[in-house]
Structure formats: C-alpha cells, structure tokens
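Input: a single structure, listed below in structure tokens.
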Amino acid sequence: MLLEPGKEHLPEFFRRHRVELVCSLPYYQADMVDRLRGAGVFQKSLEALRRLNELGYGREGSELVLNLMANPVGAYFPPPQAELEILFRRELGRRYGIRFHQLFTLINMPIGRFEEFLRRSNNYERYLNRLAGSFNPATVPSLMCRHLISVSWEGILYDCDFNQALNLPLGEELPRHIRDFDLKALQHRRIRLAEHCYGCTAGSGSSCAGSLEG
Numbered sequence: 010m011l012l013e014p015g016k017e018h019l020p021e022f023f024r025r026h027r028v029e030l031v032c033s034l035p036y037y038q039a040d041m042v043d044r045l046r047g048a049g050v051f052q053k054s055l056e057a058l059r060r061l062n063e064l065g066y067g068r069e070g071s072e073l074v075l076n077l078m079a080n081p082v083g084a085y086f087p088p089p090q091a092e093l094e095i096l097f098r099r100e101l102g103r104r105y106g107i108r109f110h111q112l113f114t115l116i117n118m119p120i121g122r123f124e125e126f127l128r129r130s131n132n133y134e135r136y137l138n139r140l141a142g143s144f145n146p147a148t149v150p151s152l153m154c155r156h157l158i159s160v161s162w163e164g165i166l167y168d169c170d171f172n173q174a175l176n177l178p179l180g181e182e183l184p185r186h187i188r189d190f191d192l193k194a195l196q197h198r199r200i201r202l203a204e205h206c207y208g209c210t211a212g213s214g215s216s217c218a219g220s221l222e223g
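Residue numbering for the sequence shown follows the numbering used here, starting at 10 and increasing by one per position.
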C-alpha cells in the first residue's frame with residue numbers, strides 16, 4: 010500500500026503521529042511470498058519496510074513500533090512464534106538489513122482467497138476438521154473478539170477483522186455503527202460465530218497480536 014500512487018505520504022504521516030504498525034510478511038524468502046501473494050510482492054514489501062526503517066521504525070530503542078505478521082504458505086499451522094521470530098530477525102537482517110520489533114504468527118483462516126484455494130484442491134473439509142480437532146480451550150479468554158471490535162472505513166462494527174472480511178456485522182439487537190457506540194452493550198454482546206472461528210482457537214491460538222499461548 011505504501012508504494013501505491015497517492016500514498017507516498019503515509020510513512021511520514023505514521024511517523025508524525027507515532028502510529029504502531031503491523032505489516033504482513035508471510036515469510037522471509039521471495040519465492041514463498043510471491044507464490045502466496047503474487048509475483049514481485051516480496052520485493053515491494055522489502056522496499057516498504059526499508060522506507061519505514063529509514064524513518065526510525067523498527068530500530069532498537071525506537072518508539073516507532075514496527076511489528077511483522079507471518080502466516081504459513083498453504084494448509085499448515087505456523088511454527089512456534091518465538092522460534093520463528095528469531096529466524097525472521099536473523100535472515101531479514103542478514104540478507105536485507107530489515108529491522109523490526111516483534112513477529113506475530115497468524116493461522117490461515119479458511120476465508121477469501123485461501124478458502125477458494127482449499128475448495129479447488131478439495132482440502133476445505135480436511136483443513137476445517139484439523140482446525141476443529143486442534144481446539145485449545147486455553148485460548149478462549151484471550152480471543153480478540155472478547156476484548157476488541159473491528160470498525161470498517163464506513164463505521165460499521167464487527168466482532169473481528171475476519172467477520173468484517175466476510176461482511177458479518179454485529180447482531181441486529183446491538184449498536185451496528187460507531188456513531189451508536191455503547192460500551193456496556195458491546196462488552197456483554199453475543200459474539201457472532203462461524204466456521205472460521207476455529208482458526209483463532211486451534212493450537213496456540215491466533216489473533217491480531219499473534220499467538221495466544223506460548
């Protein structure tokens with residue numbers, strides 16, 4: 010996004026307002042990222058990260074926080090977050106001079122393009138069963154939908170980013186727009202669930218802040 014025409018001002022805007030950034034980078038190798046996101050995406054990602062580093066983002070001791078979000082390529086669970094962070098930090102630093110603060114891991118949710126891939130390869134049910142079979146009750150207290158809401162650019166409220174991607178807004182009995190925000194009602198709401206929710210509770214769990222356990 011930072012390289013798109015008309016968006017060149019964003020890195021400086023983020024720096025000026027001390028915006029904490031979480032940038033998606035599925036892996037530290039070009040072939041893996043381009044296979045998942047499209048040809049040339051890895052190099053564009055590196056260019057964007059370098060621009061942020063040049064402004065002070067990601068540097069040790071800097072208040073300009075730059076975190077990365079990694080997800081596996083394919084129908085797999087991510088490796089332990091702490092171990093993967095060590096690997097990313099070493100390889101991105103050694104190969105490309107990229108610096109960041111933390112690495113978060115995210116389980117691939119069976120929605121959007123990934124769902125289409127699973128269905129084309131006849132792996133949707135198998136992957137969903139694996140998610141459900143890996144349910145970890147210890148992740149439930151930390152689920153992001155229990156502590157956050159997602160707000161679209163139009164002001165519509167959702168339980169999480171994934172529900173927003175699927176256009177599943179809050180229930181009709183709840184405030185459904187930011188202009189009607191009601192903290193008490195939202196704190197005690199019934200969360201709208203679907204099959205993809207197994208992704209947040211599988212294994213070590215998954216959230217916008219990475220692994221929920223370990």
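Backbone N, C-alpha and C define an ideal beta-carbon position, used for all residues, glycine too.
### Query
Anyone know if the C-beta pair for ASP170 and CYS217 falls short of 8 Å?
yes
### Query
In three-state DSSP terms, what is HIS156?
coil
### Query
Any contact of the region 140–150 with the region 189–201, i.e. 3+ C-beta pairs under 8 Å?
no
### Three-state class that DSSP yields for MET41 in the structure shown
helix
### Query
Can you name, in chain order, every residue of its own chain whose Cβ lies under 6 Å from the Cβ of LEU77, other than the five neighbours on each side?
Shown here for LEU77: same chain residues with a beta carbon closer than 6 Å to its own, the five before and five after excluded, namely CYS32, LEU34, PHE109 and LEU112 in chain order.
### Query
Are at least three pairs of beta-carbons, each pair with one atom in the region 124–136 and one in the region 94–107, less than 8 Å apart?
no
### Message
If contact is defined by three or more beta carbon pairs under 8 Å, each pair taking one atom from either stretch, is the region 204–215 in contact with the region 112–130?
### Response
Judged by Cβ distances under 8 Å, the region 112–130 makes contact with the region 204–215, as three or more pairs qualify.
### Task
Return the residue from the list LEU192, ALA141 and GLU182 that minimises the CA-CA distance to ALA203.
ALA141
### Query
Along the chain, where does the alpha helix (DSSP H) that runs through LEU93 open and close?
Per DSSP, the continuous alpha helix (DSSP H) segment holding LEU93 begins and ends at 90–105.
### Task
For the alpha helix (DSSP H) holding VAL82, just list the boundary residues, first then last.
VAL82 -> no alpha helix (DSSP H), and no H or E assigned at all.
### Message
Using the three-state DSSP reduction, which class does HIS26 fall into: helix, strand or coil?
### Response
In the structure shown, HIS26 sits in coil (DSSP, three-state: anything other than H, G, I, E or B).
### Query
In whole angstroms, what is the alpha-carbon distance linking ARG188 and ILE165?
9 Å
### Query
Within the chosen definition, does the region 17–26 reach the region 54–74 through at least 3 CB pairs nearer than 8 Å?
By the criterion of at least three beta-carbon pairs nearer than 8 Å, the region 17–26 is in contact with the region 54–74.
### Task
Let me know if VAL42 comes out buried or exposed under the rule of 16 or more other beta-carbons within 10 Å of its beta-carbon.
buried
### Message
Please classify GLU94 as buried or exposed, where buried requires at least 16 neighbouring CB atoms within 10 angstroms.
### Response
buried
### Query
Below 8 Å between beta carbons: does that hold for ALA79 and PHE97?
For ALA79 and PHE97, yes; Cβs fall inside 8 Å.
### Query
Straight-line CA distance for GLU125 to LEU30?
29 Å
### Query
Thinking C-alpha only, which one of GLY65, LEU115 and GLU72 is nearest GLY212?
LEU115
#### Entry: Per-residue DSSP class, three states only, for TYR167
In this structure, TYR167 counts as strand in the three-state DSSP scheme.
### CB-CB length for LEU195 against PRO184, believed under 8 Å
7 Å
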